[in-house]
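Below: one structure, written as structure tokens.
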Amino acid sequence: MIIDCHGHYTTVAKDVQAFRDAQIAGLSRGESPKLPQISDDQIRESVQPQLAFQAARGTDLTIFSPRASSMGHHVGDGAANQQWARLCNDLIHRVCTLYPTNFVGVCQLPQSPGVPPANSAAELERCVQKLGLRGAEIGTHVDANPNFGRVDTLNLDNAALQPVWSAAEELDAAIFVHPWDMLGSERMPKYWLPWLVAMPAETSLAICSMIFGGVFERFPKLRVAFAHGGGAFPFTIGRVDHAFRVRPDVVAAENTTSPRRYLAHDGMPARFYVDSLLHDADALKLLLKLFGADRVAFGSDYPFSLGETHPGQLIESMKIHEKEKEQLFSGTVREFLRL
Ligand SMILES: [Zn+2]
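Mapping of the sequence shown onto this note's numbering: residues 185 to 523, in sequence order.
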């Protein structure tokens, strides 16, 4: 069985994005557009590309998450983003209800500037308990975008996020961390650099923030996965760990557990999960060594061009045991999402 842990609902009916655009445009005037009415037929039509892709590539099941760029943690306000999150999450729920053998859903959270992250806990609870979604996709940070007038960085170690982690733990919900709203993009106007340089940095920032902030220590049952093979983190673990040892005064100020202890060791798999989307066999080999096959899950990032062109081909090409391939293609994500 092949389960794709990294698929986005990019083909929502046009009315949905038109609503969001009008909603954001109307904020300064205090206006709110009417919610779009989307029919089941529109939903069926919207996922035909994904169904065709599944059939062509032999994928049995796709974990369906919102499009990261549309979550908009850095725009809108509390009420607007709550409405937006509910709309998007209800649509994902309806896709999964119409095609229960093809899609399993995760939700987005109404994280937004100036709004207590505790508000996200309620939406996570609604999505897990009422809609049957398996967890949430969140960004690598919340509301830290100077382009939108925000400079108060809220990385994933921020204490304000504790209600979200706590709710995820209690609900047994998985958290998929996906980079967006990339740092330093204002310095990267060319060569698609925000996607090539800043995205992997964002993911490493999220992982380092959670490790050094002691999030995994405080929430021992929390299950978190990071997109794109953990971004820059795996290849810089030596530097990160070295810094932890030589400058504990700054690096280990809040958590005295070595970063390497969060990776596979002494027969134990890593403390958190990553997807396999690396485009390079040597990089995936390193990832498997650092995390263990039990913590690496096949992810395609369909339909984006930075996704794997022939999803699954990299894993297929690896000289590893068939059992290990099976683990990467389905076993890990089953455990991560409790499927
Ligand atoms: Zn993605």
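All C-beta atoms, glycine included, are put in the ideal place defined by N, C-alpha and C.
These numbers come from a predicted model, not from an experiment.
query	result
Close beta carbons around Cys189, own chain, < 6 Å, minus the five adjacent residues each side	Ile247, Asp459, Ala481, Gly483, Val517
C-alpha gap between Ala328 and Leu338, whole angstroms	Residue placement at Ala328 cannot be trusted, given a pLDDT of 49 that sits under 50; what the coordinates show is reported in the next sentence. Roughly 6 Å separates the two Cα atoms.
Own chain residues within Cβ distance below 6 Å of Gln266, not counting five before or after	Pro294
Nonlocal neighbours in the same chain, by C-beta distance under 7 Å from Thr194, ignoring five residues either side	Arg251, Pro487
Start and end residues, beta strand (DSSP E) containing Ile247	245-250
Ile222, enclosing beta strand (DSSP E) - first and last residue	Counting along the chain, Ile222 falls outside any beta strand (DSSP E), and DSSP gives it neither H nor E.
Cβ neighbour criterion (16 or more within 10 Å) applied to Glu321	buried
Three-state secondary structure assigned by DSSP to Tyr375	coil
Cβ pair count under 8 Å reaching 3, the region 346-353 against the region 382-390	no
Collapsed DSSP secondary structure at Phe360 in the structure displayed	strand
Where Tyr193 sits in the DSSP three-state scheme	strand
Whole-angstrom distance between Arg522 and Leu211, CA atom to CA atom	39 Å
heavy atom of ligand 1 below 7 Å from Asp485 C-beta	yes
contact_flag[the region 357-372, the region 407-416] where n(CB pairs < 8 Å) is 3 or more	yes
Cβ contact check for the region 417-425 and the region 438-458: 3 or more pairs under 8 Å	yes
Beta-bridge partners of Val408, as assigned by DSSP	Ile359
Residues bridged to Tyr486 (per DSSP)	Gly191
Ala328, DSSP secondary structure in three states	The predicted position of Ala328 is uncertain, since its pLDDT is 49 and thus under 50; a value taken from the coordinates is nonetheless stated next. Ala328 falls in the coil class under three-state DSSP.
Three-way DSSP call (helix, strand, coil) for Leu338 in this model	strand
CB-CB length for Gly289 against Gln234, believed under 8 Å	That belief does not hold up - the Cβ atoms of Gly289 and Gln234 are roughly 12 Å apart, past 8 Å.
Secondary structure of Val480, DSSP reduced to three states	strand
Touch test, the region 257-264 against the region 367-382, Cβ-Cβ under 8 Å, three pairs minimum	no
CA-to-CA distance, Ile208 to Gly256, given in whole angstroms	10 Å
Beta-carbon spacing of Ile499, Pro443 below 8 Å	no
Helix, strand or coil at Met394 according to DSSP, with G and I counted as helix	helix
Distance between beta carbons of Met502 and Ala477, contact taken as under 8 Å	Wrong, their Cβ atoms sit about 10 Å apart, outside the cutoff.
Beta-carbon proximity of Arg318 to Ala358, cut-off 8 Å	yes
Neighbourhood of Ala427 by C-beta, 8 Å cutoff - its chain only, sequence neighbours within 5 removed	Val435
Limits of the alpha helix (DSSP H) - the one that Glu401 falls within	399-402
C-alpha gap between Ala351 and Pro453, whole angstroms	24 Å
Counterpart residues of Tyr457 in DSSP-defined beta bridges	Ala409
Inter-residue spacing [alpha-carbon to alpha-carbon] between Glu519 and Ser223	33 Å
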